[in-house]
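Heads up: the sequence shown begins at 4 in the working numbering, then just goes up one per residue.
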Amino acid sequence: MAPHRDDVSIAPLSADQRPEGERAAYDRDFYTWSQEQARLIRAGRLDAIDRDNVAEEIESLGREQFNKLESAYRVLLLHMLKWDFQPERRSRSWALSIATQRLEIDDILGDNPGLKPRVAEAIARAYRKARLEAAKETGLELMRFPEACSYGQSEISGRSFGVDASPSP
4 MAPHRDDVSI APLSADQRPE GERAAYDRDF YTWSQEQARL IRAGRLDAID
54 RDNVAEEIES LGREQFNKLE SAYRVLLLHM LKWDFQPERR SRSWALSIAT
104 QRLEIDDILG DNPGLKPRVA EAIARAYRKA RLEAAKETGL ELMRFPEACS
154 YGQSEISGRS FGVDASPSP
């Protein structure tokens, strides 16, 4: 019976056994490459890992967390803009969306406290997109919305919209 692929005792292919090299393995079959790299790391075979691509992937995981934060702020800011610029269309749905995104942001920052110094950057980047989306969704001229985010962090995180989204005890 052949050894299971997740068994760390399986010797990795040497560089000369990999006809297309590490980069090609990474590009050709990311899943298999990632499993191989995980096995090498767990086995302590750091000399055999594809260092450049592993480092790139680890960095991309951090970027992914920042992107999730930015996305949550984008949705939150979109609904704040719609709330403020279309008061006649205010809905419980918008208020609940704001509350949901606040919880999402709290979770992301709770899981990734290293992102806290980048909150202002995430808000600025998110606002640019939220402004465009607000103009599209409301049918209002883009110039009606401030070019830069006029909401402070405390307003974004704490302004009341008449919905209590606190977790039940």
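Yeah, the Cβ is synthetic: ideal placement off N, Cα and C, and Gly gets one too.
Just verifying my parser: in three-state terms, what is the DSSP assignment at residue i?
i, result
"glycine 47", "coil"
"glutamine 40", "helix"
"aspartate 55", "helix"
"glycine 1", "Outside the displayed range of the chain (4 to 172) lies residue 1, so it cannot be described from this structure."
"glycine 155", "coil"
"asparagine 115", "coil"
"glutamine 20", "In this prediction, glutamine 20 scores a pLDDT of 47, lower than 50, which makes its location untrustworthy; the coordinate-derived value is nonetheless stated afterwards. It is helical."
"aspartate 87", "helix"
"arginine 92", "helix"
"aspartate 110", "helix"
"glutamate 30", "Contrary to the premise, residue 30 reads as aspartate rather than glutamate in this sequence. In this structure, aspartate 30 counts as helix in the three-state DSSP scheme."
Using alpha carbons as the reference points, say which of the options lies closest to residue i.
i, options, result
"tyrosine 154", "Arg131, Leu143, Thr141, Phe33", "Arg131"
"proline 90", "Leu135, Thr141, Gln38, Gly113", "Thr141"
"isoleucine 61", "Ser37, Leu72, Glu124, His82", "Ser37"
"alanine 125", "Ala151, Asp50, Val57", "Ala151"
"glycine 165", "Ser157, Trp97, Ala123, Gln156", "Trp97"
"aspartate 110", "Val57, Ser160, Arg45", "Ser160"
"glutamate 67", "Ala27, Asp114, Asp32", "Asp114"
"arginine 162", "Asp55, Arg45, Leu99", "Leu99"
Check this for me: beta carbons of residue i and residue j, under 8 Å apart or not?
i, j, result
"tyrosine 29", "aspartate 53", "yes"
"phenylalanine 148", "phenylalanine 69", "no"
"leucine 118", "leucine 72", "yes"
"tryptophan 86", "arginine 95", "no"
"glutamine 1", "leucine 79", "Residue 1 lies beyond the range of the chain shown here (4 to 172); nothing can be said about it."
"alanine 127", "leucine 81", "no"
"alanine 137", "glutamate 144", "no"
"leucine 43", "alanine 51", "yes"
Hey, quick one: how far does the alpha helix (DSSP H) through residue i stretch, first residue to last?
i, result
"tyrosine 130", "122 to 141"
"arginine 147", "Note, arginine 147: premise wrong, no alpha helix (DSSP H); not H, not E."
Hey, would you say the C-beta of residue i is under 7 Å away from at least one heavy atom of the ligand MN?
i, result
"glutamine 104", "The model depicted lacks the ligand MN and carries no ligand whatsoever."
Within 8 Å of any Cβ in chain D, is that where the Cβ of residue i sits?
i, result
"phenylalanine 88", "Considering every chain present, this structure includes no chain D. It has just one protein chain."
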